[in-house]
Amino acid sequence: MEKKYINFVLTGDKNYIIPITVAITSILINMDKSRICRFFLFTTDFNESDINIIQKLKKKYNFELINIDMNNYKDFFDKMDISTFKNKYISLATYYRLLMFKILPEDVDKCFYIDGDMIVYTDLLNIYDNLTEDKLAAVVVEPLAMQHRKSILSHCYEIEDFKNFQKDALKYPYFNAGFFLVNIKLAKELNIFEKMFDFLNRHPNPPYADQDILNAIIGQKYSNLINYLEPSYNIFCDIDYEQPFNDALYNEEIIKKSFKNPKVYHYAGANKPWINTKVANYYDIWWKYLKLSPYRKMKNPKKNKIIGVIENDRYKIYKILFIKIIFKKKPRKENKPTKSNIDTIGWWIPIKSLRDSIRNIYMNIKNNLNQSNSRIDNLYPFIENGYSDIHKKFDDLYTYVENRLSDFHNSVKNMILSSSIHPKIFTKYLNVNKNKDVVLIATGPTLNNYIPIRNCVNVGVNHAFKYNKVDLDYLFIQDNKALTYNELKDSVNYGISKCIKFYGIISDREIERTIPKKIYENSDCNIYIVERAWTPFETFNYNISILPLPSFGSIAFAALNFIAWTHPKRIFLVGCDCSAGGHFVDNKDTSHYGYMLYGWNQAKLFLSYHYPDIEIISINPIGLKGMFKDIYSKDGKYFDDDGKEFIF
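Structure, rendered in structure tokens:
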């Protein structure tokens, strides 16, 4: 069975052995366990012992680790003078990431790059799977640099390769190179590696090193092939997020929300939590993950221990919670034999046997105390690890509660918007298809086997407008990532005056999925509000004239809710495959079928309760087989499960 990898590249020299291990730990803790993480380390000065320490994580997590020695590839960078780097904490190792476009194995189709000074606090599976074959990269724009681009990015106004940025910085924004996902296969087809090193030959020492190179080639030449992620995927921990961000591409509110709920923490800059305690924000997050890594015994200078021992020449201090027990040591003279305390105070006892008995009692007590101290020392790691686990649970609980409150806020916002917008859009369609048959045309591969049914109302979703065997009466589109910009424009021009079009607006928390307003404004298109997927508030609604339409990971559910509102006699499901087969126009597959199947079960429950008179019929079902009445196309006709011809 072929392994399902999620690929990562991390780079560093001997100074990054511990941070890279901690970064890998954070990725493994939060990653979906159904996939195998494969880490490619581009390093210098990592010895076998360092790699073996990282491999200790295999006791708990399933992953693969490949260390690639960069000493074999330094000739690529022989024109560089690292003394000219604008940021003195940048080393040659920062350039190693460029080699991921050249030296990764052939079976690597997509790959994350993660800086070694990052903590990944989220599951990256969705981003990985949503980078389709026609997209080159997923990146995070750098808000601070964009806000102050005239100063921070002044060099970009002097280099010809940034001419697009110079004309329209918001259309060709500058992204950070610490976190990105790249389509390696497409990058090779576009000769990205060769173009980057052509730039490097012309500009051997760009001010922001490899970041300038990646932006000059990928950001400036292929902006239309980039998925721009929300800023929470690359939160800088050492900058002030209370300053204005009114010209930074992202909405200021989104930037500040992202800072309060980061998905990826980036300890960029001179201050690092393993170097000093000067990091402005989220210092403890890094140490939390270090305590879950193989380097858990490393001491946090900022941490107050529950149980600890402090010792110097004069005192020995036992610290238990907030209580300190201090023992003063007696100064010892050098080159003079020392006596035990009992010898010092017991010399006056005249009877030797009594003196020896007292001395033995003293030594027994002392040994017991030493054993107690040893037990306390052994107990400390156990308590500290337990504390770390409890701390993580509270952090996770806090994040869960915060996310649920955010979901609640967003759901209320959606209800307010839909109660304002939907009455004008959907009220007039109530019961309009009474006693009619409606076909819901989704875009699964089985659409190619569909024999069009005559005298039906056809409702299509997304790419269904490309299906030329039927004319759609209604078209639903709501995911900016499902269609390209040109496809969205084509959908607006489809069936003008004949096809009624609805464009769904997803929450602004998912800005990369929201259809740009310029697509549908000044046209005869209607907009509607979609409830966010994966929230407790997502549901089918009986009265869509005031409430949002559902998502459940597929636009088919919004269309189905609308069809039920029109109350037809029968609903035929076409291309609703709910299986990993791609689409009728290609084999791209980015859906979450487990969640979609949950959505179909919710749909069945909703329809059986509110519309028991509507018959649901699946045509050529795959994932939905057995859920509704099933019929299959063959030789220009339809047959049911018993082989009897289905008569319309």
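Just so you know, the sequence shown maps onto residues 127 to 774 in my numbering.
Heads up, the beta-carbon is just placed ideally off N, CA and C, and yes, glycines get one too.
Residue 271 sits in a helix when the DSSP states are folded into three classes. The three-state secondary structure of residue 137, taken from DSSP, is strand.
When the beta-carbon positions are compared, residue 532 and residue 327 stay at least 9 angstroms from each other. If you keep only unbroken alpha helix (DSSP H) runs of at least 4 residues inside the segment 587 to 673, you get 611 to 619, 643 to 646. In this structure, DSSP gives residue 169 an extended state, which the three-state scheme calls strand. Annotation for residue 759: the continuous beta strand (DSSP E) segment containing it runs 755 to 760. If you check the CB distance, residue 608 and residue 683 do not come in under 9 angstroms. Residue 625 and residue 565 have their C-alpha atoms spaced approximately 14 angstroms apart.
Residue 668 and residue 688 have their C-alpha atoms spaced approximately 9 angstroms apart. If you check the CB distance, residue 133 and residue 230 come in under 9 angstroms. The C-beta of residue 389 has 16 or more other C-beta atoms within 10 Å across all chains shown, which makes the residue buried. For the pair residue 774 and residue 764, the CB atoms are nearer than the 9 angstroms cut-off.
In this structure residue 335 is buried. Its beta-carbon is surrounded by 16 or more other beta-carbon atoms within 10 angstroms. In the three-state reduction of the DSSP assignment, residue 688 falls in the helix class.
Apart from the 5 residues on each side of it in sequence, residue 152 sits with its Cβ closer than 6 angstroms to the Cβ of 245, 246, 415 in its chain, given in chain order.
Sequence-distant partners of residue 629 (beyond 5 residues in either direction) whose C-beta falls short of 6 angstroms from its own C-beta, in its chain, are 603, 641, 646, 651, 653. For residue 353, the closest C-alpha among the options 611, 696, 655, 700 is that of 611. Residue 149 sits buried, since 16 or more C-beta atoms from the chains shown fall within 10 Å of its C-beta. Taking a contact as a CB-CB distance under 8 angstroms, the pair residue 227 and residue 342 does not count as one, their CB atoms being some 14 angstroms apart. According to DSSP, residue 547 shares a beta bridge with no other residue. Taking a C-beta distance under 9 angstroms as the contact criterion, residue 659 and residue 586 do not qualify as a contact pair.
Just measuring C-alpha positions, the residue of 674, 154, 558, 623 sitting nearest residue 694 is 558. Taking the Cβ atoms as the reference, residue 749 lies roughly 14 angstroms from residue 569, outside the contact range of under 8 angstroms. Taking 4 residues as the shortest admissible run, the segment 302 to 378 contains the following complete alpha helix (DSSP H) segments, listed from N- to C-terminal end: 310 to 315, 318 to 328, 335 to 340. With contacts defined as CB atoms closer than 9 angstroms, residue 574 and residue 600 fail to qualify as a contacting pair. As computed with DSSP, residue 193 is found in a beta bridge with 167. Taking residue 374 as the centre and dropping the five residues before and after it, the same chain places the C-beta of 267, 269, 270, 272, 273, 381 closer than 8 angstroms to its C-beta, in chain order. Listed in chain order, the non-local C-beta contacts of residue 597 below 8 angstroms within the same chain comprise 584, 621, 624, 625, local neighbours out to five positions each way being set aside.
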